[in-house]
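Take a look at the structure below.
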Amino acid sequence: MRIGILGSGLMGAKLGTIFARAGHDVVFSYARDDAKLKALAHEAKARAGTPREAAEGADALLLAVHWSRVDDVLHAAGDISGKTIVNCSLPMDADNTRLVVGQTSSGAEELAKKAPNAKIVSAFNTVPSEVFFGVFASRVPRPSLVYCGDDAEGKHIAATLIGDARFDPVDAGPLRMARYTEPFALLVAQLAYEGAGGPELAYRFVRFPEEA
Ligand SMILES: NC(=O)c1ccc[n+]([C@@H]2O[C@H](COP(=O)([O-])OP(=O)(O)OC[C@H]3O[C@@H](n4cnc5c(N)ncnc54)[C@H](OP(=O)(O)O)[C@@H]3O)[C@@H](O)[C@H]2O)c1
Numbered sequence: 200m201r202i203g204i205l206g207s208g209l210m211g212a213k214l215g216t217i218f219a220r221a222g223h224d225v226v227f228s229y230a231r232d233d234a235k236l237k238a239l240a241h242e243a244k245a246r247a248g249t250p251r252e253a254a255e256g257a258d259a260l261l262l263a264v265h266w267s268r269v270d271d272v273l274h275a276a277g278d279i280s281g282k283t284i285v286n287c288s289l290p291m292d293a294d295n296t297r298l299v300v301g302q303t304s305s306g307a308e309e310l311a312k313k314a315p316n317a318k319i320v321s322a323f324n325t326v327p328s329e330v331f332f333g334v335f336a337s338r339v340p341r342p343s344l345v346y347c348g349d350d351a352e353g354k355h356i357a358a359t360l361i362g363d364a365r366f367d368p369v370d371a372g373p374l375r376m377a378r379y380t381e382p383f384a385l386l387v388a389q390l391a392y393e394g395a396g397g398p399e400l401a402y403r404f405v406r407f408p409e410e411a
C-alpha cells in the first residue's frame, strides 16, 4: 500500500519505518525540521514530502500529531475525501496530562466530524512508541492492539497495518469505542512509564471459553 505519514515524530517515524520495512510505499511528512524528515526517509528507504504529497494517491494516512496540530495538518493535506485515516493522535491538553475529549465523545469521533468523508479508524495509540521496534523484531507471542472504526474497508486496511507491525489486531467495534480505548491508552502509558518494567510494555488479550 501507499501510506502517507502525517506527523513524523515518535509515533510517525517509528510506524512509518516499520510500514516501509513491511514493504509499503511510505511518504513521511509534517516535521518542523526538513533535514530531519529527509534523513528519516533516507534511513527508512522511503520518501519525504509535504502533507499534500503524502496524501496524494495514499491508500491510508497515519495521523500522528499533537491534538493541537490536527486542524493544521489536515488543512495542509488538502482533499482527503474517501481516504482511510488511521488515527493514533490522542486528544491531550498542551501539557499532555489529560484528555480534553472523553466520556461522551473521543478524539477519533471529533476527527470524523472534521473529516466527514474520510474513513477514520482509531489504532496504534494504545501502545507506547518505544515498544514498536521491539515487537517488530520479535516473532512470538504477538501482543494485542485494539482498533475501532465505522468503515469496513478502513478497518481492513488498519488491521493489515497492525498485522504488518506484528501485533494481533483486536477489533474493538465501532468508532465510538474510542471513548474507551483512548483512556485505555493513557492507562497503558501510565503503566509503561511509571511501572517497574520501564517503557517496554505491550499487552496481550486472551479469550477464555464461556463456562459450560
Ligand atoms: N509517543 C507515544 O508513545 C504515543 C502513544 C500513544 C499516542 N500518542 C499520540 O500520538 C500523537 C503523536 O505523538 P508523538 O509522541 O509522535 O509526538 P511528537 O514526537 O511530538 O511528533 C509530532 C510530529 O508533529 C510535528 N510537528 C509538531 N508541530 C509542528 C509544526 N508546527 N509544524 C510542523 N510539524 C509539527 C513534529 O515535528 P518535529 O519532529 O520537528 O518535532 C513531529 O514530527 C499525539 O497525539 C500523541 O498523543 C503518542
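Each residue of the sequence shown is one higher than the last, beginning at 200 in the working numbering.
C-beta atoms are modelled at their ideal positions from N, C-alpha and C, and glycine is treated no differently.
These figures come from a predicted structure and were not determined experimentally.
Under the criterion of a Cβ to heavy atom distance below 7 angstroms, does residue i qualify as lining ligand 1?
i: residue 265; result: yes
i: residue 392; result: no
i: residue 297; result: no
i: residue 313; result: no
i: residue 288; result: yes
i: residue 376; result: no
i: residue 397; result: no
i: residue 231; result: yes
i: residue 248; result: no
i: residue 372; result: no
i: residue 209; result: yes
Using the C-alpha atoms, what's the distance from residue j back to residue i?
i: residue 330; j: residue 280; result: 32 angstroms
i: residue 382; j: residue 399; result: 19 angstroms
i: residue 218; j: residue 397; result: 25 angstroms
i: residue 204; j: residue 311; result: 18 angstroms
i: residue 364; j: residue 231; result: 26 angstroms
i: residue 384; j: residue 317; result: 23 angstroms
i: residue 298; j: residue 283; result: 24 angstroms
i: residue 309; j: residue 270; result: 11 angstroms
i: residue 294; j: residue 328; result: 18 angstroms
i: residue 244; j: residue 209; result: 18 angstroms
i: residue 362; j: residue 258; result: 16 angstroms
i: residue 266; j: residue 387; result: 19 angstroms
i: residue 342; j: residue 287; result: 17 angstroms
i: residue 221; j: residue 291; result: 30 angstroms
i: residue 261; j: residue 376; result: 19 angstroms
i: residue 407; j: residue 263; result: 34 angstroms
i: residue 321; j: residue 371; result: 10 angstroms
i: residue 229; j: residue 255; result: 14 angstroms
i: residue 339; j: residue 323; result: 19 angstroms
i: residue 351; j: residue 307; result: 16 angstroms
i: residue 234; j: residue 410; result: 58 angstroms
For residue i, I'd like the list of residues in its chain whose CB is within less than 6 angstroms of its CB, leaving aside the five on either flank, ordered along the chain.
i: residue 223; result: 200, 202
i: residue 395; result: none
i: residue 275; result: 250
i: residue 417; result: Past the boundaries of the shown model lies residue 417; the chain is included only from 200 to 411, so the question cannot be answered.
i: residue 356; result: 259, 283
i: residue 354; result: 320, 348
For the alpha helix (DSSP H) that contains residue i, what are its first and last residues?
i: residue 404; result: Run containing residue 404: none; DSSP gives neither H nor E here.
i: residue 271; result: 269-276
i: residue 216; result: 209-220
i: residue 306; result: 306-313
i: residue 393; result: 377-393
i: residue 323; result: Neither: residue 323 is in no alpha helix (DSSP H) and is coded neither H nor E.
i: residue 359; result: 351-363
Which first and last residues belong to the beta strand (DSSP E) in which residue i is found?
i: residue 367; result: 367-370
i: residue 229; result: Counting along the chain, residue 229 falls outside any beta strand (DSSP E), and DSSP gives it neither H nor E.
Would you check whether ligand 2 has a heavy atom nearer than 7 angstroms to the C-beta of residue i?
i: residue 327; result: Of the ligands this structure carries, namely ligand 1, none is ligand 2.
Excluding the 5 residues flanking residue i on each side, which residues of the same chain have their C-beta closer than 7 angstroms to its C-beta?
i: residue 314; result: 273, 279, 284
i: residue 368; result: 344, 346, 358, 361, 362
i: residue 380; result: 321, 325, 345, 347, 371
i: residue 333; result: 399
For residue i, which residues of its own chain have a beta-carbon under 8 angstroms away from its beta-carbon, when the five flanking residues on both sides are left out?
i: residue 227; result: 204, 207, 211, 212, 215, 236, 239, 240, 243, 245, 246, 247, 248, 253
Going by DSSP, name the residue or residues bridged to residue i.
i: residue 346; result: 370
i: residue 201; result: 224
i: residue 283; result: 259, 318
i: residue 247; result: 227
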